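Counting from 1, one number per residue, gives the positions in the sequence shown under the UniProt record's numbering.
Take a look at the structure set out below.
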Amino acid sequence: MEKTWISMGAIFAFLGFIQGLLNTFMPHELSFACKRLGVRIYNAIFSSYVDYAVEEYDGTKLNELYDAAQLHLSDKAARSARRLSLIQPKNASVLTCSLGEHERVVDVYEGSQIWWEFSSSERKQSMTISWQTMPDKRRSLHMRIHRKDREKIMSGYLPSLLENAKALQLKRRDRLLYTNVSHDPRGRRKPWDSVPFKHPATFHSLALEPALKQKIMDDLTDFANGEQFYKDVGRAWKRGYLLYGPPGTGKSTMIAAMANFLEYDVYDLELTEVKSNAELRSLLLNTSNKAIIVLEDIDCSLDLSERKRKKAKKPDAENEEKMLGLAEREEKVSEVTLSGLLNFTDGLWSSCGSERIFVFTTNHIEKLDAALLRSGRMDMHIHLSYCGFEAFKVLARNYLKLEDHVLFEKVRAAMDEEGVQMTPADVSEVMTRDKRDTEQALRSLIKELRESKVKRRDGEQKEEGANEGTEEKQEVVPKEADVQCGVQKENAKVCEDAGNEVDINQEAAQEKIIH
Ligand SMILES: Nc1ncnc2c1ncn2[C@@H]1O[C@H](COP(=O)(O)OP(=O)(O)OP(=O)(O)O)[C@@H](O)[C@H]1O
């Protein structure tokens, strides 16, 4: 034992002597380089540890592992390190911590320790890669592990670190609302442009029959947790919802509630801006996973393009084009066709990427092509209708902070009267106007509910008069719309069962829940 101490003392004395020599006779940089070399040789021969450098840039490319490790370590760094850098990541309102200069954190994976240390040095030359200048500092993270853990860390720890970082990134960043109507400064159309998605709607604040609300939430939860299910049955991990009902019944609000519930991004696809099926396909390929792709007022978008095409061509021109074989070409390069849209939602292209939800909305389900409603296209048809008593209670809670009131029964009675129709948007409007005086708000609402009956009757009479005058000119009298309203009021009452659909294409319009 004594001998060991003596030899160790001799080694240290020798090393001290070498260091003294280096410091005295060598320039500082050279002595530093010699020391580093010495440490490396020592580590290579005697150390039971292995060191890895994870640089911020791999040549001129950003190193994903560096960012992932920063993110993965940020929680641990926040708890244990003393010097931290605060970062505001792009598209996130939450700040992230990263290690300060020479700070260390210890991570543990299946019982093995991993030591991380951050360091940076000045970049000698300023470098430019494609469009941006590289930072002045060369930043890197150093990972030290036990030699015996090498295999476990490479095949287990690092992949799990990357996965964890991806999940954290999704959780921390704000969700985005994308639109396809923006142009860059040169006037070229951008595929998607985004803004942070801040819509506050939730299922809690959504005025809807509780049973239907629960059904939709359960369906969304099953979908989000259904990765294995979709794999097992060999289907693309996607789901389609058709929201239909009169304006102001909450279709857009429900989409926002869905996005907030699932924490997905929203892609608001303006179909009339899409010039071809190929453009539609490219837009789809540029959407991320965990996304809700919305096509609002689908009947108008498709009708519009049909109309445009018809308007653009006179019959003579059409014949001429046919003869020249141009018509077909025109079809291909012009607006999106129904089959293009169907390919977009359930063709091969729709399965590029996963965890996608398609939501179509319409005020007129009867105008939709049966092909769109067919089984497997839109998995769930959700009818949003005029305000019923349960929906009113949600709005009273949101706007007036009222759980109950003596006038509630009168509201219920007014709502149940034949021919009364107010949308949740109308009811919200009354409550916003009189929110300082809750009793006044309820009285105004009861009055407006009754008036809505008279207004509707007047509207019907006017429309009948107008139709009589134009009967000869119009081929189809849009009487259907009135019939539709009546059916919707009925449906509002029975919408606990979303299977109650309007009588158009009844079979196709049945709700389809695959779980
Ligand atoms: N079911 C609802 N729950 C809560 N608020 C609602 C509901 N329906 C409508 N509103 C209120 O009315 C406003 C308009 O509703 P929204 O835009 O969602 O209706 P919509 O059915 O999408 O209408 P449109 O068919 O005209 O697009 C919303 O901002 C919201 O304040």
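Backbone N, C-alpha and C define an ideal beta-carbon position, used for all residues, glycine too.
Quick caveat: nothing in here was measured; it's all calculated off a predicted structure.
{"query": "If you drop the 5 nearest sequence neighbours on each side, which residues of the same chain put their C-beta closer than 8 Å to that of Pro247?", "result": "Asn363, Thr423, Ala425"}
{"query": "Closest to Val54 by C-alpha separation, out of Arg139, Asn286, Arg123, would be which residue?", "result": "Arg139"}
{"query": "State the CB to CB distance for the pair Ala201 and Ala278, rounded to an integer number of angstroms; the pair is presumed to be in contact (CB under 8 Å).", "result": "That belief does not hold up - the Cβ atoms of Ala201 and Ala278 are roughly 34 Å apart, past 8 Å."}
{"query": "Look at residue 522 and Phe261 and say whether their C-beta atoms are less than 8 Å apart.", "result": "Past the boundaries of the shown model lies residue 522; the chain is included only from 1 to 515, so the question cannot be answered."}
{"query": "For Val487, name the three-state secondary structure that DSSP assigns.", "result": "For Val487, the predicted model reports a pLDDT of 30, less than 50, meaning its position is unreliable and no value from the coordinates is stated."}
{"query": "According to the Cβ coordinates, are Leu283 and Asn180 closer than 8 Å?", "result": "yes"}
{"query": "Counting C-beta neighbours from all protein chains within 10 Å, is the total for Gln421 16 or more, i.e. buried, or is it exposed?", "result": "buried"}
{"query": "Would the region 388 to 408 and the region 358 to 372 be scored as touching if the rule is three or more Cβ pairs under 8 Å?", "result": "no"}
{"query": "Tell me the DSSP secondary structure of Met422 in three-state form.", "result": "coil"}
{"query": "Do Thr361 and Ile298 have their C-beta atoms within less than 8 Å of each other?", "result": "yes"}
{"query": "Under DSSP, the alpha helix (DSSP H) around Met217 begins and ends at which residues?", "result": "210 to 224"}
{"query": "Taking C-alpha atoms, which residue in Asp136, Ile114, Trp115, Ser112 lies nearest to Glu122?", "result": "Asp136"}
{"query": "List the endpoints of the continuous alpha helix (DSSP H) containing Gly38.", "result": "28 to 46"}
{"query": "Mind the definition here: the region 222 to 242 touches the region 165 to 182 only if three or more C-beta pairs lie below 8 Å; say whether that holds.", "result": "no"}
{"query": "Look up Ala78 in the DSSP assignment and say whether it is helix, strand or coil.", "result": "helix"}
{"query": "Is there at least one non-hydrogen atom of ligand 1 closer than 7 Å to the beta-carbon of Leu206?", "result": "yes"}
{"query": "If you draw a straight line from the alpha carbon of Val427 to that of Ile255, how long is it in whole angstroms?", "result": "20 Å"}
{"query": "Is the distance from the Cβ of residue 544 to the Cβ of Val411 below 8 Å?", "result": "With the chain represented from 1 up to 515, any question about residue 544 goes unanswered, as that position is not in the structure."}
{"query": "Alpha carbon to alpha carbon, what distance is there between Ser205 and Ser120?", "result": "49 Å"}
{"query": "Per the DSSP calculation, Glu55 is bridged to which residue(s)?", "result": "Ser140"}
{"query": "Around the Cβ of Leu285, are there at least 16 other Cβ atoms within 10 angstroms (buried) or fewer (exposed)?", "result": "exposed"}
{"query": "With a CB to CB cut of under 7 Å and the five nearest residues on each side skipped, what residues in its chain are close to Glu417?", "result": "Lys453"}
{"query": "Measure the Cβ-Cβ separation of Val359 and Tyr241 and say whether it is below 8 Å.", "result": "yes"}
{"query": "Using three-state DSSP, classify Tyr241 as helix, strand or coil.", "result": "strand"}
{"query": "Pull up the DSSP beta-bridge partners for Cys97, would you.", "result": "Leu86"}
{"query": "Quick one: is Val233 near chain D, going by C-beta distance under 8 Å?", "result": "In summary, chain D is missing from the structure at hand, where a single protein chain is found."}
{"query": "Would you check if the distance between the CB atom of Glu451 and the CB atom of Val430 is smaller than 8 Å?", "result": "no"}
{"query": "Using a Cβ-Cβ cut-off of 8 Å (strictly less than) and excluding sequence neighbours within five positions of Ala259, which residues of its own chain qualify?", "result": "Arg175, Phe197, His199, Asp265, Val266, Ile292"}
{"query": "If you draw a straight line from the C-alpha of Asp433 to the C-alpha of Leu400, how long is it?", "result": "Sequence inspection shows Arg at residue 433; the Asp mentioned does not correspond to that position. Answer to the nearest angstrom: the Cα atoms are 11 Å apart."}
{"query": "Could you tell me whether the Cβ atoms of Leu384 and Leu280 are closer together than 8 Å?", "result": "no"}
{"query": "When burial is assigned at 16 or more other CB atoms within 10 Å of the CB, is Met154 buried or exposed?", "result": "exposed"}
{"query": "Could you name the residues of the same chain whose beta carbon sits closer than 8 Å to that of residue 598, not counting the 5 residues immediately before and after it, in chain order?", "result": "There is no way to answer for residue 598, as the model of the chain reaches only from 1 to 515."}
{"query": "Looking only at C-alpha atoms, which of Lys393, Asp346, Lys215 sits nearest to Leu373?", "result": "Asp346"}
{"query": "Mark Gln72 as exposed unless 16 or more other C-beta atoms lie within 10 angstroms of its C-beta, in which case mark it buried.", "result": "The question names Gln, but residue 72 in the sequence shown is His. Per the 10 Å Cβ criterion, buried."}
{"query": "DSSP has Leu176 in a bridge; who is on the other side?", "result": "Pro196"}
{"query": "Can you tell me which of Thr287, Met378, Leu269 puts its alpha carbon nearest to the alpha carbon of residue 519?", "result": "Nothing about residue 519 can be reported from this structure: the residues present for the chain run from 1 to 515 only."}
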